[in-house]
Amino acid sequence: MDDDESSVSNTTSEKYEANKLEGVGTLLPAVDSTAGSAADELIDCRNDRLFVTYKQTGLRFLVDSDADLPIIPATPNHKIYGTKDYIELTSKLNSINDILKELDNLQNDYCSLPDKVELNNSLEILSDMEENAEKFKVSILVFLSKYEEQKKENAKLAPKSHIKLPDLPLPTFSGKFQEFENFKTQFMSVIGNNDSLNESQKLMYLRSALKNEAALIQSDQDNLDSLLKALENDKNKKSTAVESNPNQGQKACVICNQFKKHSVYNCEMFLNHSPLERYELCKKHNICRNCLDFHPSKSCTSKSRCQICSSFHNTKLHRDKTDVSIPSTAEAFIDTAPKVNSEQCFALRSTDNNNSKPMKYLMSTAVAYVNGMPVRIILDSASEINFISSDCAISLGLKRNRIHSSVSGINGLAQDIKYETNAIISNKDNSFNESLKFMVVPKISSVTPSCNLDISKLSLPKHIKLADPSFHKPAKISMLLGAQVFFKIIKADQIKINDSITLQNSVFNYIVTGGLPTSDHKLHCFLLSEQEGLENLISKFWQLESLEDESLNLNSQTKLCEDHFLNNHRRDQTGHYIVQMAFLKEPSCLGESKQTAIRRLNSLWRKLEANPNLQQLYRNFIHEYLDMGHMEQVFKVSEPTVAYYMPHHGVLRPDSKSTPLRTVFDAFCATTTGESLNSILTNGGVIQDELFATLLRFRKNRIGLISDIKKMFRMIFIDESQRDLLRIVWKESIDDSIKTYKMNRVVYGTTCAPYLAQRVLKQLVMDDGHNYPLAASAVSSDMYMEDLFTGAADIYSAK
9 MDDDESSVSN TTSEKYEANK LEGVGTLLPA VDSTAGSAAD ELIDCRNDRL
59 FVTYKQTGLR FLVDSDADLP IIPATPNHKI YGTKDYIELT SKLNSINDIL
109 KELDNLQNDY CSLPDKVELN NSLEILSDME ENAEKFKVSI LVFLSKYEEQ
159 KKENAKLAPK SHIKLPDLPL PTFSGKFQEF ENFKTQFMSV IGNNDSLNES
209 QKLMYLRSAL KNEAALIQSD QDNLDSLLKA LENDKNKKST AVESNPNQGQ
259 KACVICNQFK KHSVYNCEMF LNHSPLERYE LCKKHNICRN CLDFHPSKSC
309 TSKSRCQICS SFHNTKLHRD KTDVSIPSTA EAFIDTAPKV NSEQCFALRS
359 TDNNNSKPMK YLMSTAVAYV NGMPVRIILD SASEINFISS DCAISLGLKR
409 NRIHSSVSGI NGLAQDIKYE TNAIISNKDN SFNESLKFMV VPKISSVTPS
459 CNLDISKLSL PKHIKLADPS FHKPAKISML LGAQVFFKII KADQIKINDS
509 ITLQNSVFNY IVTGGLPTSD HKLHCFLLSE QEGLENLISK FWQLESLEDE
559 SLNLNSQTKL CEDHFLNNHR RDQTGHYIVQ MAFLKEPSCL GESKQTAIRR
609 LNSLWRKLEA NPNLQQLYRN FIHEYLDMGH MEQVFKVSEP TVAYYMPHHG
659 VLRPDSKSTP LRTVFDAFCA TTTGESLNSI LTNGGVIQDE LFATLLRFRK
709 NRIGLISDIK KMFRMIFIDE SQRDLLRIVW KESIDDSIKT YKMNRVVYGT
759 TCAPYLAQRV LKQLVMDDGH NYPLAASAVS SDMYMEDLFT GAADIYSAK
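Each residue of the sequence shown is one higher than the one before, counting from 9 in the numbering used here.
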C-alpha cells in the first residue's frame, strides 16, 4: 500500500474512533426544591444538555460499526461509510457546527448559575462532548479532502478492514487463596515468562497487580521470586486454616449469626422484623441505612434511594411518619400517598375496608411500547387527559412544547402544566398503534403497588399472557392513559379467577384487576397528592415576618466542619485568617488528574486562539492571580504523594462591566479513581440567613446601605499542607510549555468555599467585633455571602 493509501486508512480509523461518544448518565446533583429559580435553571440546563446529547449520539450512526469500511471509492455513488454515501456525510458537517454552538451556549448557561449550585462533573462532560464533536468534524473534513483528491486522479483503492484487538488487561489478585493458582498462571504467561522485561520491571508489574490484602504481603528479598513465594506461603496458610475449620474464612451474618453466604438485604431474620426494628438493627451494627452495607451512612456513594418516598434510606427501612403499632383489622386506617410538593392531582383510585381481611386493590397497569422502548402505564377511564412523567419523556427523547395550561383534580385543586408532547404508543407485536398527546408532569404517582403482593396461591391460567407480568411488584408509573383511548384498549372478554380477581383482556394482553390479601393493615390512596392548606401557608408567612433570632439547627456535617474550623484556623501577623479544608474521605483516595487538566487546557486554548478578546482577558486574570500572590508556580519536577489538578475555563459576560470574564475552577472533575476533590470535601452548610429573610429585614430600614467584600474568597489563606490539592496548569500560548501552579487562597468552585468564607466572617466578628459594635451587628445579621444589605432609621445613624 502506498503512502496516500496508508494515510487514508489512518483517517478512516480516526473517524471511527471519533464516533465513540461517551454516555451522559445521571451526573447532575440533586437540587433542593426550595432553591427557586436556581433549581429551575439547573433543570433546564440538564434537559438542554440531554437533547444536545441525543443529536450528537445520532451522528455516531453515520458509521455501521459491524460493516467493513471501504477505503475511498472512486465513484461518488459508492457507499463510503457502510450505509451512508458521500453526499449525506457532507451534509452532516452543518449538524456538527450546530452542536458545537449549542455546547458553547450550554457551557455559558452552566457557568452563569449561582455559586451555590453544585455542578458535579457536568462541565467535564460538556468538554468531552465538545472535543468528540471537534474530532469528528476534523475526521470528516480530512476524509472528504482525500476523497476529492482520489476522485480527480480516478484511482481506485482496495478496501481494507481495520481490526484492533482490545488491550490485554493485567490479572489482579486480591488475597483470596482460591484465586491464587489461576492468577499465578495468567501472570507468568503474560509477564513472568516475557523475556523482553527485566526482573525489576516484572516485580513492578506484580506489585501493581496486588490489591487489598495481597498488597500488604511482604517478602524477604526485593525480587520477583521472593514475592511470589511469599504469596504462595500466605495462600497455603489460609487453605490449611479453612480445611481445619470449615467456617473459618467466612464471616457470620451479624443479624442471624449463621455462616450463610448472604447479605443483610437478604437475611431472613432481618426481613422478619418491622421497618423500625430493622432501622435499630442497622444503628446497632453500624450498617449503612441507604445500601445496607457495612460502612457509615454519610460515606455511602450509592445513588439508590427509597422507592417509596425517595429519601436517603433503603426501601426496607421505610416507615410512615406516624410510628404506631399495627391496629386490629377492624381499626385499619387509610394512609395517603406521600406529599410531593403539590405536584399533581389527576385521578383517584381509593380502597375501602368492607372485608374483614385486609386487601390491596390492583391498579390497571400494563407494559406499552414507545419508540420501541417498554414503559409501564396505568389505565384510567376517569381522566380526560393523558399524562407522561418528565423523566420518561426525556429518556425517550420526545420533543416537548411549552404551553400554559392547568389541570383540575380532587376538590378542584389545580396543577399548572408547562409542557406537552406527542408520542405513538403501541403494543409488543405492533398490532395496535395510537398517536396521542401527553401533558408532561414531574410525577404520575408513587410506586404501584406500595408493597410486594403474594401471588403464590393465585392460580393464573398458564396459556394467558399478562399485560404487566410484574403487576404484583412495586414499580414506577411512566404514563397514564385516559378516557380518550381507554375503550380502544379494552376488549370484551374477561376471565374470572376467583371472587376478587378478574383478568380483563386488552390490546396489551390480560390486565389483572381486583384485590389480593395483604399483611399490611394500612390502606393506601394512590394518584392523589396533598396540597398544603391555606392556613399552613399563612402560618409560614407570619413565621418569616416575625424574623425571630433562632439558633441554627446544625446537622452532623455542619458540626464536623465547625469542630474542624475551631481546631485548625489561625491568623498571621497581618490579620489574615489561615484555614484548612475538611474532608469526608482521606485525600489519598484521589487518583491521577493532571492529564485531564492538560487535555482541558489544550481545549481551552483552541477557544482562546479563536477569540483574541477572551484570550487577553484570560491572560490578565492569570497574571493578576500571580501578581497578587494568590497562587505560586511549582518548580519541583516530582509529584507529591497526593495532588489534585483543577481544570479551568472562562465565560465571557459582555453585559458585566466589573467582571466581563468569569473564570470557573472545576473541582468536580473526576480522577482516575472516580473521586474528585469536591466529592471528598465537606459542604458545611449555610450558616447565614436565607436571602429572602435578609431582604425582608433590609426593607424595614428607612435608609438602605448596600456594599460587598471584594475578592472575599481570595482574602482567606489555605494552610500550606493542603495547597497541592489546589493545583492548576497554564501556558502563555498554545505552543508554549505547560507550567504548574498551586493556589494558596480559598478557591471558588470548591464545595467548602462558601462555608469557609461565611465562617471566617463570623469569626472576625467574634474576634474584633467589640471594637466596631455597629459594623459587627450588621455583618452578623445582614450579610448574604459577600454582599451586605443593611440600613438605619435615619441619616445620622447611617453615617
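By construction, the Cβ of each residue, glycine as well, lies at the ideal position given by its N, Cα and C atoms.
Between methionine 654 and alanine 675, the C-beta gap is smaller than 9 Å, which places the two residues in contact.
In the displayed model, arginine 608 falls within a helix according to three-state DSSP. Nearest neighbour of proline 648 by Cα position, chosen from Glu632, Val378, Ile711, Lys750, turns out to be Lys750.
For alanine 800, the enclosing beta strand (DSSP E) begins and ends at 795-800. DSSP places proline 620 in the uninterrupted alpha helix (DSSP H) bounded by 620-635. Lysine 770: member of the alpha helix (DSSP H) spanning 761-776, first to last residue.
According to the DSSP assignment, proline 781 belongs to no beta strand (DSSP E) but to the alpha helix (DSSP H) extending over 781-789. Contact between phenylalanine 721 and tyrosine 756 holds, with the beta-carbon distance rounding to 5 Å and staying under 8 Å. In this structure, the beta-carbon distance from aspartate 301 to valine 262 does not fall below 9 Å. The C-alpha of arginine 297 lies about 11 Å from the C-alpha of serine 312. Note on arginine 410: under 16 other CB atoms within 10 angstroms of its CB, so exposed under the neighbour-count rule. CA-CA distance, threonine 667 to methionine 793, rounds to 17 Å. One Cα belongs to isoleucine 396, the other to threonine 456, and the distance between them is close to 16 Å.
Secondary structure note for glutamine 194: its alpha helix (DSSP H) is the uninterrupted segment 188-195.
The count of Cβ pairs closer than 8 Å, one atom from the stretch 681-700 and one from the stretch 786-804, reaches three, so the stretches are in contact. For aspartate 399, the uninterrupted alpha helix (DSSP H) run begins and ends at 398-403, by DSSP. In the DSSP secondary-structure assignment, tryptophan 738 is bridged to Lys747.
In the three-state scheme derived from DSSP, where H, G and I count as helix and E and B as strand, lysine 451 is classed as coil. Note that the C-beta distance between leucine 592 and serine 305 is not below 9 Å. With 16 or more other CB atoms across the displayed protein chains lying within 10 angstroms of its CB, glycine 658 is buried. Per the C-alpha coordinates, the member of Ser464, Ala491, Val375 positioned closest to lysine 436 is Val375.
In this chain, the beta strand (DSSP E) harbouring alanine 374 covers 373-378. Bounds of the alpha helix (DSSP H) holding proline 283 are 283-292. DSSP places asparagine 686 inside the alpha helix (DSSP H), whose first and last residues are 685-688.
Note that the C-beta distance between isoleucine 606 and serine 458 is not below 9 Å. For glutamate 640, the uninterrupted beta strand (DSSP E) segment begins and ends at 639-642. The shortest C-alpha to C-alpha distance from aspartate 775 to any of Leu468, Arg578, Asn244, Ser611 is the one to Arg578. Beyond the five residues adjoining it in sequence on each side, asparagine 379 comes within less than 6 Å, by CB distance, of Leu404 in the same chain, given in chain order. For the 9 Å CB-CB criterion, phenylalanine 185 and asparagine 140 do not form a contact. For the pair tyrosine 427 and methionine 447, the Cα-to-Cα distance works out to about 6 Å.
The alpha-carbon of serine 372 is positioned some 12 Å away from that of serine 478. Across the set Tyr626, Asn691, Leu685, the C-alpha of Tyr626 shows the shortest separation from the C-alpha of arginine 661. Short of 7 Å from the beta carbon of asparagine 441, and not among the five residues preceding or following it, lie these beta carbons of its own chain, in chain order: Ile432, Ser434.
For lysine 499, the enclosing beta strand (DSSP E) stretches over residues 498-504. As a beta-bridge residue in DSSP terms, glutamate 442 pairs with Ile433. For leucine 704, the secondary structure class from DSSP, reduced to helix, strand or coil, is helix.
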